[in-house]
Amino acid sequence: MDSPIAGRYRHIHIRGVLVLLCMIFFLNRAYGQRIYTTLRTEDPPVIDGKLDDACWESGEWQSDYKQFVPVYNGEVSYRTEIKVLYNNRSLFVGVRSFDDMDKITKRLGRRDNYLGDMVGIQLDSYHDRRTAFEFVVTAAGQKMDMWISNDDMDINWNAVWYVKVAFQEDAWTAEFEIPFTQLRYSPANEQVWGFNSWRYVNRLQEENHWELLANDGTGGVYTFGELHGLKDLPGNRRLELSPYLSGSITTNKKIPGSPYARGIRFGARGGLDAKIGLTNNFTLDATINPDFGQVEADPSQMNLTAFETYFEEKRPFFIEGNNIFAFDFDGDD
């Protein structure tokens, strides 16, 4: 019969083995991450999708994407290549998606609608392994962007960035310009960001990743690869002003002596939205007489249930930093 002391040491031994296995897993994950080292360019490209500017001759084209679906960690059906450059203002990303050109799915739609073949870029600029920005373009040139926080995605986040697509004999290409003013990052002189890229081949229902993300449903930001080589980035002190001015004219039958039926009435309205970057971590959003009528309209829905209809928040003033107030209870916010 084992003594209590022997049983205690057996438990310590088992506990130590479990801790060692966990350490091996996380070390393998940390050291197994892919790394892309970007280069600074003094001659930025013209964003036309062609990738024929002189700056694209420098730097490294990386490929070796892996399937995420339908076969996790399987070999891809078509090769994808990516290159990253930057200057004092923007991050530039070029993507070549090799394919049978007559089979590419190109569908037009509204912004933030995922349609057809597409490629995406994901940037964890804080490198906190929890949050990221995503920028996507379809083969038809349609833009999508979102803010990722853990396993939550906010497609109502809209940044100011540029992308074009073009078509070659054996591939379609995408050229991104993402201004640093649209991102949040630390003030360090030399930066390491979380980084990933993905591609979707619509007709095959196949999604491929540059750094294969975890398939455990947790969003996968913590399994991003890394982007190295970013040095002396500009301080993120951005200032965005969005003024508006609208006018109206109303006509009706004029009634003498009536202060309301004057025949023709003119009206004017103005306001301002401001976004001021105080530091790399804090942004001041201000609005004066906001014109929410210019925000994307909610979809028309017929609700015959006893419950109210919920519409996503799309007003820019209320979207900035709203992930701070998002709490997940039983998988729902």
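Using the numbering used here, the letters of the sequence shown correspond one by one to residues 72 to 404. Glycine residues also receive a C-beta, built at the ideal position from the N, C-alpha and C atoms.
- CA-CA distance, E277 to S196, rounds to 27 Å.
- Taking all protein chains shown into account, G306 has fewer than 16 neighbouring C-beta atoms within 10 Å of its C-beta and is therefore exposed.
- In this structure, N323 and G341 do not form a Cβ contact; the two beta carbons are roughly 25 Å apart against a cut-off of 8 Å.
- Beyond the five residues adjoining it in sequence on each side, G180 comes within less than 7 Å, by CB distance, of L186 and Q213 in the same chain, given in chain order.
- Around the Cβ of P116, a 10 Å sphere holds 16 or more other Cβ atoms; the residue is buried.
- 8 Å or more divides the Cβ of F169 from the Cβ of L283.
- When C-alpha distances from N273 are compared across I219, P141, C126 and S161, the shortest belongs to P141.
- Taking C126 as reference, the option from Q253, Q133 and K154 with the minimal CA-CA separation is K154.
- Taken atom to atom, the span from the alpha-carbon of H299 to that of S317 is near 46 Å.
- In the structure shown, the three-state DSSP call for L186 is coil.
- When rounded, the separation of the alpha-carbon atoms in M224 and F337 is 43 Å.
- Shortest Cα-Cα distance from I326 to any of I335, N158 and W269 involves I335.
- Of I320, I347, G191 and G328, the smallest CA-CA separation from E246 is found for G191.
- In the structure shown, D356 adopts extended strand secondary structure according to DSSP, grouped into three states.
- For secondary structure counted as the beta strand (DSSP E) over 3 or more consecutive residues, the segment 120-151 holds these complete runs in sequence order: 137-140.
- Counting only runs of 4 or more residues that sit fully inside the segment 232-313, no alpha helix (DSSP H) segment turns up.
- Here the C-alpha atom of L355 lies approximately 24 Å from the C-alpha atom of W264.
- Judged by DSSP in its simplified three-state form, D225 adopts strand.
- In this structure the segment 199-218 does not lie against the segment 126-137, because fewer than three pairs of beta carbons, one per stretch, are closer than 8 Å.
- DSSP places K177 outside both helix and strand once states are collapsed to three, so it counts as coil.
- Taking the Cα positions, L275 is about 45 Å away from Y315.
- With respect to V236, A210 sits close: the two C-beta atoms are nearer than 8 Å.
- Approximately 20 Å separates the beta-carbon atoms of E379 and N227; this is outside 8 Å, ruling out the contact.
- Remark: C-beta atoms of S371 and E248 do not approach each other more closely than 8 Å.
- In the structure shown, M215 falls within a strand segment according to DSSP collapsed to helix, strand and coil.
- In this structure, L301 places its C-beta atom within 8 Å of the C-beta atom of Y157.
- Distance from the CA atom of G103 to the CA atom of K137, rounded to whole angstroms, is 14 Å.
- Residue nearest to Y107 within the set A357, D344, E152 and Y256 is E152 (criterion: CA-CA distance).
- For a cut-off of 8 Å, the C-beta gap from V147 to N279 is around 5 Å, short enough to register as a contact.
- A residue is called buried when at least 16 other Cβ atoms come within 10 angstroms of its Cβ; V164 meets this threshold and is buried.
- Between F206 and W218, the CB-CB gap reaches or exceeds 8 Å.
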